[in-house]
Amino acid sequence: MAKLPMKSRLVQLLYQQKEAWDYELIGKLLPEYGKNSDYWKWMARFWMTELSCGGIFSIVDAKADDGSRFAKGKVLYRYSISDFGKSRVEELLEA
(Lines of atoms letter the chains of each structure in order from A and count residues from 1; the text may use other names and numbers.)
(Lines give C-alpha, C1' and ligand atoms only; values in the text may rest on other atoms or scores of the structure.)
Protein backbone atom coordinates (compact mmCIF):
# COMPACT_ATOMS: atom_id res chain seq x y z
CA MET A 1 0.00 0.00 0.00
CA ALA A 2 1.32 3.44 -0.92
CA LYS A 3 2.12 5.91 1.84
CA LEU A 4 -0.06 8.94 2.32
CA PRO A 5 1.46 12.31 1.45
CA MET A 6 3.26 13.63 4.53
CA LYS A 7 0.77 16.44 5.13
CA SER A 8 -2.13 13.98 5.00
CA ARG A 9 -0.30 11.68 7.41
CA LEU A 10 0.00 14.58 9.87
CA VAL A 11 -3.79 14.91 9.83
CA GLN A 12 -4.19 11.17 10.29
CA LEU A 13 -1.75 11.14 13.23
CA LEU A 14 -3.59 13.93 15.03
CA TYR A 15 -6.94 12.29 14.29
CA GLN A 16 -5.65 9.12 15.98
CA GLN A 17 -4.09 10.93 18.97
CA LYS A 18 -6.80 13.58 19.47
CA GLU A 19 -4.22 16.06 20.84
CA ALA A 20 -0.44 16.44 20.51
CA TRP A 21 2.43 18.90 20.59
CA ASP A 22 3.94 19.81 17.23
CA TYR A 23 7.25 18.15 18.15
CA GLU A 24 5.43 14.91 19.07
CA LEU A 25 3.75 14.76 15.65
CA ILE A 26 7.04 15.54 13.91
CA GLY A 27 8.79 12.88 15.99
CA LYS A 28 6.40 10.28 14.59
CA LEU A 29 6.08 11.62 11.04
CA LEU A 30 9.68 12.09 9.93
CA PRO A 31 11.02 8.62 10.79
CA GLU A 32 8.12 7.03 8.88
CA TYR A 33 9.28 8.83 5.74
CA GLY A 34 13.02 8.50 6.30
CA LYS A 35 13.47 12.24 6.86
CA ASN A 36 15.49 13.84 9.64
CA SER A 37 16.80 17.21 8.51
CA ASP A 38 15.83 20.62 9.84
CA TYR A 39 14.29 21.35 6.45
CA TRP A 40 11.64 18.66 7.01
CA LYS A 41 11.04 19.71 10.63
CA TRP A 42 10.29 23.25 9.54
CA MET A 43 8.25 22.03 6.56
CA ALA A 44 6.06 19.93 8.86
CA ARG A 45 5.60 22.92 11.18
CA PHE A 46 4.57 25.00 8.16
CA TRP A 47 1.99 22.37 7.18
CA MET A 48 0.59 22.41 10.72
CA THR A 49 0.21 26.18 10.47
CA GLU A 50 -1.63 25.77 7.16
CA LEU A 51 -3.89 23.09 8.64
CA SER A 52 -4.62 25.35 11.59
CA CYS A 53 -5.45 28.30 9.32
CA GLY A 54 -7.67 26.02 7.24
CA GLY A 55 -9.68 24.97 10.28
CA ILE A 56 -8.50 21.34 10.32
CA PHE A 57 -6.29 21.75 13.43
CA SER A 58 -7.05 23.86 16.51
CA ILE A 59 -4.36 25.30 18.77
CA VAL A 60 -5.07 24.32 22.38
CA ASP A 61 -1.83 25.45 24.03
CA ALA A 62 1.40 27.26 23.26
CA LYS A 63 4.70 27.70 25.06
CA ALA A 64 8.20 28.97 24.34
CA ASP A 65 10.81 26.42 23.33
CA ASP A 66 13.66 26.24 25.83
CA GLY A 67 15.92 25.17 22.97
CA SER A 68 15.42 21.43 23.39
CA ARG A 69 12.90 21.01 20.55
CA PHE A 70 13.49 23.37 17.64
CA ALA A 71 15.22 26.57 18.69
CA LYS A 72 15.29 28.65 21.86
CA GLY A 73 12.42 31.13 21.93
CA LYS A 74 10.41 29.54 19.12
CA VAL A 75 6.75 28.91 19.92
CA LEU A 76 5.65 25.31 20.41
CA TYR A 77 2.01 24.49 19.73
CA ARG A 78 -0.28 21.81 21.08
CA TYR A 79 -2.93 20.91 18.53
CA SER A 80 -6.23 19.10 18.55
CA ILE A 81 -8.19 18.13 15.49
CA SER A 82 -11.26 20.30 15.00
CA ASP A 83 -14.75 18.97 14.42
CA PHE A 84 -14.38 20.10 10.81
CA GLY A 85 -11.07 18.22 10.59
CA LYS A 86 -12.65 15.07 12.03
CA SER A 87 -15.48 15.20 9.50
CA ARG A 88 -13.02 15.67 6.62
CA VAL A 89 -10.91 12.69 7.75
CA GLU A 90 -13.97 10.49 8.19
CA GLU A 91 -15.28 11.56 4.79
CA LEU A 92 -11.97 10.68 3.13
CA LEU A 93 -11.73 7.34 4.95
CA GLU A 94 -15.12 6.36 3.53
CA ALA A 95 -14.03 7.10 -0.05
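Using the working numbering, the first residue of the sequence shown is number 69, and each one after it goes up by one. We put the CB at the ideal spot given by N, CA and C, even for glycine.
Check whether the Cβ atoms of residue i and residue j sit closer than 9 Å, and answer yes or no.
i    : j    : result
A126 : G153 : Residue identity check: residue 126 is Ser in the sequence provided, not Ala. Yes, the pair counts as a contact, with Cβ atoms nearer than the cut-off.
I124 : K109 : no
Y147 : S105 : no
E100 : K71  : yes
I149 : K103 : no
V157 : Y107 : no
Which same chain residues, not among the five before or five after residue i, have their C-beta less than 6 Å away from its C-beta?
i    : result
K142 : D133
K131 : L144
So residue i is in the alpha helix (DSSP H); what residue range does that whole segment cover?
i    : result
F125 : From DSSP, F125 is part of no alpha helix (DSSP H) but of the beta strand (DSSP E) over F125 to A132.
A112 : D106 to C121
G95  : D90 to E100
R77  : M74 to Q85
Under a Cβ-count criterion, where at least 16 other Cβ atoms within 10 Å of its own Cβ denotes burial, should residue i be classed as buried or exposed?
i    : result
V128 : exposed
Y145 : buried
Output needed for residue i: all residues of its chain with C-beta closer than 7 Å, excluding positions within five of it in sequence on either side, in chain order.
i    : result
A139 : D133
L97  : M74, R77, L78, L81 and A112
D151 : none
Would you give the residue range spanned by the beta strand (DSSP E) that residue i belongs to?
i    : result
R146 : V143 to I149
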